[in-house]
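Its first residue numbered 1, the sequence shown is counted upward by one per residue in full-length UniProt numbering.
Below is one structure; the comments refer to it alone.
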Amino acid sequence: MDLHLKGKTAVITGASQGFGRAIAKGLASEGVKIFATARNEELLKSLHEETGAVTFAQDFTAPGAPQAIANAALAALGRVDILVNNAGRSRALGVTGDEEEWEAGFTLDFTRHRQLTQHLLPHMMERSQGVILNVTSTYELRSINVSAVAKGAVAVWSKQLAGQLGQYNIRVNCLQPGLIDTANTQRIFTAEERRQFAQNNIPLGDFGQPEDIANMAAFLASPRAGYITGAVAVVDGGLRYHPF
Ligand SMILES: NC(=O)c1ccc[n+]([C@@H]2O[C@H](COP(=O)([O-])OP(=O)(O)OC[C@H]3O[C@@H](n4cnc5c(N)ncnc54)[C@H](OP(=O)(O)O)[C@@H]3O)[C@@H](O)[C@H]2O)c1
Numbered sequence: 001m002d003l004h005l006k007g008k009t010a011v012i013t014g015a016s017q018g019f020g021r022a023i024a025k026g027l028a029s030e031g032v033k034i035f036a037t038a039r040n041e042e043l044l045k046s047l048h049e050e051t052g053a054v055t056f057a058q059d060f061t062a063p064g065a066p067q068a069i070a071n072a073a074l075a076a077l078g079r080v081d082i083l084v085n086n087a088g089r090s091r092a093l094g095v096t097g098d099e100e101e102w103e104a105g106f107t108l109d110f111t112r113h114r115q116l117t118q119h120l121l122p123h124m125m126e127r128s129q130g131v132i133l134n135v136t137s138t139y140e141l142r143s144i145n146v147s148a149v150a151k152g153a154v155a156v157w158s159k160q161l162a163g164q165l166g167q168y169n170i171r172v173n174c175l176q177p178g179l180i181d182t183a184n185t186q187r188i189f190t191a192e193e194r195r196q197f198a199q200n201n202i203p204l205g206d207f208g209q210p211e212d213i214a215n216m217a218a219f220l221a222s223p224r225a226g227y228i229t230g231a232v233a234v235v236d237g238g239l240r241y242h243p244f
């Protein structure tokens with residue numbers, strides 16, 4: 001199926017590894033010009049070599065990072081058709097968990113994405129064209145994880161944006177992963193824990209791969225999804241209930 005993405009441009013945060021990198025590679029293979037940002041310069045360099053992506057090393061949590069990324073992306077691409085808000089990190093905490101961790105988690109997983117989006121939106125609105133894709137998380141955790149709470153905020157914000165931006169032909173959707181095999185989950189599960197967890201809890205029997213996320217991302221970013229906005233697309237192998 002032709003996704004009609006050839007010639008489009010995309011900004012992707014957290015693009016050095018995991019979903020962001022897979023989404024960058026997937027979109028690049030559809031002919032999208034990529035602007036990829038993250039901190040790890042080595043990984044960004046190899047992404048550039050693999051895909052031709054323009055790369056921009058930046059700590060997203062730094063004050064001023066969203067403006068710097070928006071400026072560099074517009075300078076490099078000329079226009080931004082697709083924005084993938086993806087950077088984030090799982091951050092489990094106790095129920096009375098540390099204030100600094102709450103602040104840091106909300107800054108990385110929600111606030112900086114809201115700010116980057118706000119910097120790019122005027123350009124999308126002026127052109128009456130745009131796609132925003134927010135990578136979120138499950139709502140079904142049974143213990144505190146700042147990232148998942150911040151992603152809940154992203155999902156609500158995303159639906160509100162979708163309501164107001166349809167008139168500008170800008171679509172806003174969330175992509176909600178279950179458990180996918182990346183550095184993020186490898187920090188939490190050993191290979192044996194993953195196997196056992198998946199056997200007991202995931203109907204399709206294993207964690208997903210970053211490409212499973214990238215496939216959905218490419219579809220939602222494409223004109224093939226032209227009547228989809230304000231949605232939360234779940235890619236989780238059937239996992240709905242997290243027992244932890
Ligand atoms: N994997 C899962 O099962 C899962 C489930 C639910 C939600 N998610 C969400 O999906 C998104 C991607 O997760 P992933 O599994 O692909 O994670 P990952 O493999 O750990 O990749 C995270 C990406 O975010 C970037 N990042 C982290 N902190 C950053 C910072 N301060 N400044 C700039 N970039 C930063 C990292 O780049 P650098 O280290 O190079 O900066 C990396 O490219 C995250 O938002 C995560 O919360 C993942």
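We put the beta carbon where it would ideally sit given N, CA and C, even for glycine.
Asked	Found
Beta bridge counterpart(s) of residue 235 as assigned by DSSP	177
Check whether residue 234 and residue 176 have beta carbons under 7 angstroms apart	yes
Per DSSP, cross-strand counterpart(s) of residue 92	145
Whole-angstrom distance between residue 84 and residue 12, CA atom to CA atom	5 angstroms
Heavy atom of ligand 1 within 6 angstroms of residue 31 beta-carbon	no
Exposure of residue 96, with buried meaning 16 or more beta-carbon neighbours within 10 Å	exposed
Extent of the continuous alpha helix (DSSP H) run through residue 76	65 to 77
Through-space distance from residue 191 to residue 125, alpha-carbon basis	46 angstroms
Integer Cβ distance of residue 20 from residue 86, believed to fall under 8 angstroms	5 angstroms
Cross-strand partners of residue 82 (DSSP beta bridge)	10 and 131
Identified DSSP bridge partners for residue 221	BP columns for residue 221 are empty, so no partner.
Alpha helix (DSSP H) runs contained entirely in the stretch 13 to 45, provided each spans 4 or more residues	18 to 29
CB of residue 231 within 7 angstroms of CB of residue 169, strictly	no
Endpoints, the beta strand (DSSP E) within which residue 104 is located	Segment 99 to 106 is the alpha helix (DSSP H) holding residue 104; no beta strand (DSSP E) there.
Whole-angstrom distance between residue 22 and residue 182, CA atom to CA atom	11 angstroms
DSSP state of residue 62 mapped onto helix, strand, coil	coil
Inter-residue Cα distance where the pair is residue 39 and residue 46	13 angstroms
Residues near residue 8 by beta carbon distance below 7 angstroms, same chain, minus five either side	32, 81 and 82
Beta strand (DSSP E) segments (min. 3 residues) lying fully within the stretch 159 to 212	170 to 177
Nearest-angstrom beta carbon gap, residue 238 and residue 210 [assumed within contact, 8 angstroms]	Rounded, the Cβ-Cβ distance is 18 angstroms, inconsistent with contact.
Check: residue 89 C-beta below 6 angstroms from any heavy atom of ligand 1	yes
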